[in-house]
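Presented below is the structure to which this report refers.
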Ligand SMILES: Cc1ncc(C[n+]2csc(CCOP(=O)(O)OP(=O)(O)O)c2C)c(N)n1
Ligand SMILES: Cc1ncc(C[n+]2csc(CCOP(=O)(O)OP(=O)(O)O)c2C)c(N)n1
Ligand code: SF4
Ligand code: SF4
Ligand SMILES: [Mg+2]
Ligand SMILES: [Mg+2]
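Shown next, in the form of structure tokens:
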């Protein structure tokens, strides 16, 4: 994206709209909004070039609070709507705001197709593992056997693993962050935005009304260091209270090792964002009880799509149109 | 599935319906039909317990030719329709017949959700990498830059990798076969049917009218041995005219090796259907030019779903209904 | 001791309003069941804020519950209320315009402090809650919050939890005002908080404190008394529209000896049907399926229907739109299916927490091609039971999808229901075919043009059906022009034949040959009945019919309509039923449309009717 | 040398029919362009088999092409044909019932051998192709296959390829019969096979062989001559409905100075619009997008519209059903959008290769809530251009989605079109706002109630829109009842205002005050015109209007309708426009419905009209 010259320096405040925020006080959505408003001024993109597109859900209220262009559309279709916008207006900076129901339940198809097409947009999935706006039914990311309003005896279905799903659909940028980690979140949003191609960021977001504490193991002092694995490109995979655990690859199988006692740091798995096989192994941690949950950029590769950044309006001559109108074969009646 | 006693022995002929086959003469669909009709008698399932459900497309005509119960439904929805059928009738043997457009374009969402839910059905994707019935537009499996009626300058989009997509969605059985390999196809269909949980079989199917030869490298004498890799559980990965090439894992990276010269067979990658990480690496061969295309069962694990095989109609007493009607609180007016 | 005057009333409308967190729904429900047990007739309507938890103290966050009860037939929760309980300034602001002149306002003054005034959008200098000739209201200012906390000073709860009990104070106070016993609520508290003695205790204490406050304070000198309603003998319960639909579907499928499959995708205001049914799945022959979207929901229902279940879906407008294509498939396949559309205000996402009846046309015509199917509507919360039962009957008798229309107002509203015994309900016949002498042909029909239903597992009846045009009889795919014409006509005729099996239209109020006939459908029944009743008392020449069977119409409808000079059709949409009547009978029926997300206002409706009589 | 009689004709209907592989479409197209260049008026209609390649020789696999040409105005491809070219028994079987009494059949006897007879479903003993008083046809039996192969004996093609050239023999023969030169086809062959000399050569040889066969064989003694049609001077070309829509959209968006975005999902019979437009993307300001389904197609179009493109979608019935929800969103967002529905026979998948006009109601009413939008229809292949142009104009002038109705018959049919010069077409105005003195409010409106269109990139006009109800003016989310009522009425009024900008309804044939008025819409124009013209010649008191603007109706429609005792509404559906007229004007309009997947039969229609005059 070409950054225009002489943009007045903007502040977070400039990105606040005049609409009163209507999320439940304390909702994780508000924390994410704040980081977005903090981030945007640093990107040097004029406000009018930014568009937020959302579907329906609590999280999808987001565009109303951003003083940019925005569309709050219909359930599950933000990805499809943003596709048309970006195809025709590659000059715009497009952010898609969606929920776990919006993106992965009703909107699952557009989601995977957008990743396949790899348009240069940013997809932020606010995953609270529940339907917030409709007051507490399970979503495709709710844990198996979760008791909710619509599953009084627990759900039968196992949840999607959003990371493997995105990778499986051909995503070129896949990352995870969490509402409570302000700095991390901002960095990931920034990296997603910097990526050319579709960036997919799953953000764990607490819905304290209908699914409180779904991610508390990653935010609670007592557990977070053991439960969460923060990835950095080129750095070894370390976690635990004192980073005492590491992960190494034994052939193709990941193993947790006690760094202090058993292994030298050199043997550890060094995070390589560009390694698709490793990305898949990382994303499969989700399906285990033993491995920590990875946060950060799990995968990033250059897009396979020829991304046409500028699509200038062509000047077409009257002759060209007359030729078009006349078709291949025509005749004159005198 | 409980196999009932005393079923009269059926023949392939018993599974032919009275409808004239209306595929283009020589269409790959007919070859697949034949193998299905050959397979079914061996399963010992009574005809009336079998249902074929399809969407819309050339391939979706399939149910009309099977003398079983069947539904030819609407575009993309066979998976959703079969879901309701199987949930309520777990005693039935349900086959879903779908095309690359039907399953992966319009029906992508139901497809991934069915795999996630892992119901005990069989999904056969007839992949001809084109829209046959609508006469030749590109599909989500058409190769990038493919010239078709709707992409006169070649497509922009890269195709789905159906295997990674299915694995990413949580599939418990993933396999690939091809219309021209009658025996292989029948074996894979049989294995899919034997699997408890959703089995997904991608079948390469030649549409010689609109996309002839899309898979000829896997069927032509000259190329097939080098281009195709036939997997067998517990056996090393070998391919080439004289099985002279093998694949081994160097750490987590696959490498092609010349078996004759360099390596002993013992170092080779031994196919393990139950290894999810290996399955993913195998499925990623699709995205390379160097690795052969794997055929066979790529992955198979036991389903995480509690599959309720029998759901007997409960006898409910009149009192229970009266109690239900009366609700928690009621009163009598005299 | 103070002197208490007992005041007699015929009916009373109370609105409980407070912040979403103030527990007004619970107060409303408790007062309602107490009222029902007391033998009054009643109708209720909760109104929730659009947001889950809008900011505390704001107008957007106000949650309300309106109760109308009385000693004669009560048809609606009422237009304007006699009593407004306002827990804060925002609740006051958003409801004061709906209080009757001369009405009473009971206000928790803690909720009217500077901060709350500001949050509600008032100026600090605005003066509220002052008895004056101009406002003509009676204000009772009670520091409910403070009194609640005080009554709990012995209890070791934290401040927030004490504060939360204030709804019990309100409830106690109102119990006293209407001379009730609070035993039913004590029992409720006992059960609800059985696991937490401290909270249980606190709630009981506050409830009693509220009651005793009423008894002792000099503020209140009147107690209100109402006679019992004359209700026909029988067993009663309270029921909401959504519960009634769920029950109706369940009982009807049992009466047809079929397992039931309910497939849906959550959407306001239909989700409660799912919540209710999901709880029954272990005990009854009901399966619920929360699909990935509305398309998958109806498709899975079609699959289950092919498999021999009674399939039903529930949704609202936007979800209904998504079901259009699959509904067409069900029409062509001639499979039984009930689709409940709990309407809300549209178009598009519209106002999901407001009511409307604007999906009638969508129900009739929202599909490609000629795809006729029966449409019926429920007219009150309890009527949803019978409408659902009837929808199932028609679906099974005619092998057709049926659309059942309800709306947010019926769904969330509730009323006493004289519920039937299971055995008193009729059996439902199906077209299931278990064996046949001749070769089975799926599109062979009976006299009413209905095909047979052979389900997988039935030996010898293997067959294929689908969405391509089919040859009548065999069901084979058929592109023949004459057959297609025949099939289009046949599908229409089959649906028309349903008119032979439905009750004739009855006059609900008034006389044949009156000046004006009011024709309604669906949830407007209560408002229209109330308006027409009042006008009849005023000796106006007016009559009323409420149409349940919207497609096909009852056979005698034409005859009725032709009896009147003026036919007025009030609807909460921009005129839909009125167009059907005009088209079909070439009668100059007049539309009356108020599209404000709420039930028709009785007073306004009366004024409109008066123009014609 | 034989004596040749020159026979004069006013018009001729030829049907070319053969197996899908026989190249009948090519023969039809070549003969058509030759006919057009010759100065006759004409109309054509191809009919493809439902299957891609049904089994060779079967009735299911027959592909046909009907051409009607003549020296005066030609309105339809005609009911019954004068000449049937039957390349095999199956082609004969499926078309013989559509040959005029006294008609001519040219049969390739190689296609009537035992095998072909069996494949067509005849008995070996059935006797066809025999001149007899009872059949009253003239048969010409030619061994076309053999003659073709013979004429190629010098050419080193394989047998299959030689066989394939037989369509050129037919073409040559017909050129001789109608006294044409074959130069245009020679030029075509030259271009088409420029890369393969052998094939090029073979085709030319066979074409000439066919011509010379006609010249020399004693079989044919007549040559048919027609006068040129009196056509108004100008430049002409042949055009099909789908091409015309594509052109109309492209030219209109250029006239509005907007880039065009066409988003679609393939579906018969709309796909050709995509195929055509996709070819223009490198040269013109057109982008095509084949989405993953119809929902994504319309949604992406909405996104592009928000971004400032002229967005359009094309689909058919089932796809239209899937667009319902998003259409509602476009209505609420008040964004310009053109959705073309190329109708086919429904319901559900129906008969995808047969025509119908049964999606009118779906267009008007197939959405949740009150979601009015303009609907217009094209009435002939070339008229599709103007209808598309007009759809774009209305969408942009009124910031609204517009539905444009065409159907399979228009889509695939073609006719000569006196096409306009680009400069002769009007500019199209948009509501684009680039700057504003006041604070920009997205729902501020002009007198016609149309809002402004500010697109991303425009500084200072940042705003948010969505599907929730909006406050008029600011566009903020708004749950207020009065605002909602206002907005529902406003959206309806805005659409009603379109009537101020559309042409008044014109009488197409006949007089005001005739006995019967025939009211049609869409593709029935040709059949109705032909029938009414013939009746007028028979001095019957009949008139005809064809309605393009179906919603809103032209302002003078009522006035016209009221002039007639009888209003008859022929439609290829079960009665839709007729209901709209009855409802709106309370006129007892009479439906006439033939739902056979094909254009109305003129003779049948005439008989129907005669009942009333
Ligand atoms: C077509 C349609 N179906 C259903 C709904 C109801 N609905 C609104 S939001 C929502 C799900 C919300 O969950 P999620 O996407 O996870 O967002 P959250 O509220 O949790 O942020 C549903 C089912 C709708 N608005 N439209
Ligand atoms: C809702 C809807 N959209 C579009 C179509 C048109 N259509 C029929 S089949 C098809 C795609 C066929 O491709 P595929 O699924 O790959 O099946 P194939 O014909 O190749 O076997 C399409 C687009 C339809 N029938 N319904
Ligand atoms: S319901 Fe949950 S997700 Fe929605 S606003 Fe409240 S806390 Fe946030
Ligand atoms: S078009 Fe292709 S896929 Fe369809 S029947 Fe013919 S060969 Fe098979
Ligand atoms: Mg959520
Ligand atoms: Mg295909």
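Chains as they are written, first to last, in the working numbering: chain B, 132 to 465; chain F, 132 to 465; chain W, 141 to 753; chain Z, 141 to 753.
For glycine and all other residues, C-beta sits at the position ideal for the given N, C-alpha and C.
- Excluding its 5 nearest sequence neighbours in each direction, residue 633 (chain Z) has C-beta neighbours in its own chain below 7 Å: 589, listed in chain order.
- In this structure the segment 377-386 of chain B touches the segment 399-411 of chain B; the number of beta carbon pairs closer than 8 Å is three or more.
- Beta bridge pairing from DSSP links residue 163 (chain B) with no other residue.
- In the DSSP assignment, the residues bridged to residue 278 (chain Z) are Z:244.
- Looking at the DSSP output, residue 288 (chain W) bridges to nothing.
- For residue 450 (chain B), the number of other beta carbons within 10 angstroms of its own is below 16, and it is reported as exposed.
- Residue 529 (chain W) has its alpha-carbon roughly 44 Å from the corresponding atom of residue 706 (chain Z).
- Those residues of the segment 375-392 of chain F placed with their C-beta closer than 8 Å to a C-beta in chain B are 380, 382, 383 and 384, ordered along the chain.
- With respect to residue 702 (chain W), residue 201 (chain F) sits apart: the two C-beta atoms are not nearer than 9 Å.
- For residue 203 (chain F), the distance from the CB to the nearest heavy atom of ligand 4 is not below 8 Å.
- For residue 748 (chain Z), the closest C-alpha among the options Z:324, Z:720, Z:658 and Z:691 is that of Z:658.
- Shortest Cα-Cα distance from residue 290 (chain Z) to any of Z:209, Z:259 and Z:343 involves Z:343.
- Chain order gives no chain B residues near residue 258 (chain F), where near means a beta carbon separation below 9 Å; the closest approach is about 15 Å.
- Any heavy atom of ligand 3 counts here; residues with a Cβ closer than 5 Å to one of them, in chain order, are B:154, B:155, B:158, B:189, B:263, B:338, B:340 and W:192.
- For the pair residue 286 (chain B) and residue 406 (chain W), the CB atoms are not nearer than the 9 Å cut-off.
- Between residue 364 (chain Z) and residue 152 (chain Z), the beta carbon gap of about 7 Å places them in contact (Cβ cut-off 8 Å).
- For residue 433 (chain F), the CB stays at least 8 Å from every heavy atom of ligand 6.
- In this structure, residue 419 (chain B) has its CB at a distance of at least 8 Å from all heavy atoms of ligand 1.
- Relative to ligand 1, the nearest heavy atom lies less than 8 Å away from the CB of residue 261 (chain B).
- For a Cβ distance threshold of 7 Å, residue set 247 and 248 of chain F lies close to residue 288 (chain B), ordered along the chain.
- Apart from sequence neighbours up to five positions away, the residues of its chain that approach residue 141 (chain F) with a beta-carbon distance below 6 Å are 172, ordered along the chain.
- Burial of residue 376 (chain F) is indicated by the presence of at least 16 other C-beta atoms within 10 angstroms of its C-beta.
- In this structure, residue 416 (chain B) sits away from residue 443 (chain B), with a CB-CB distance that is not shorter than 9 Å.
- For residue 653 (chain W), same chain residues with a beta-carbon under 7 Å away, outside a window of 5 residues either side, are 703 in chain order.
- F:167 is the residue among F:453, F:167 and F:152 whose C-alpha sits nearest the C-alpha of residue 332 (chain F).
- Residue environment analysis places residue 454 (chain B) among the exposed positions, since fewer than 16 neighbouring C-beta atoms fall within 10 angstroms of its C-beta.
- Of all residues in the segment 207-220 of chain B, only 208, 211, 212, 213, 214, 215, 216, 218, 219 and 220 come within less than 7 Å of chain Z when Cβ atoms are compared, listed by chain position.
- Under the three-state reduction of DSSP, residue 601 (chain Z) is assigned to coil, being neither helix nor strand.
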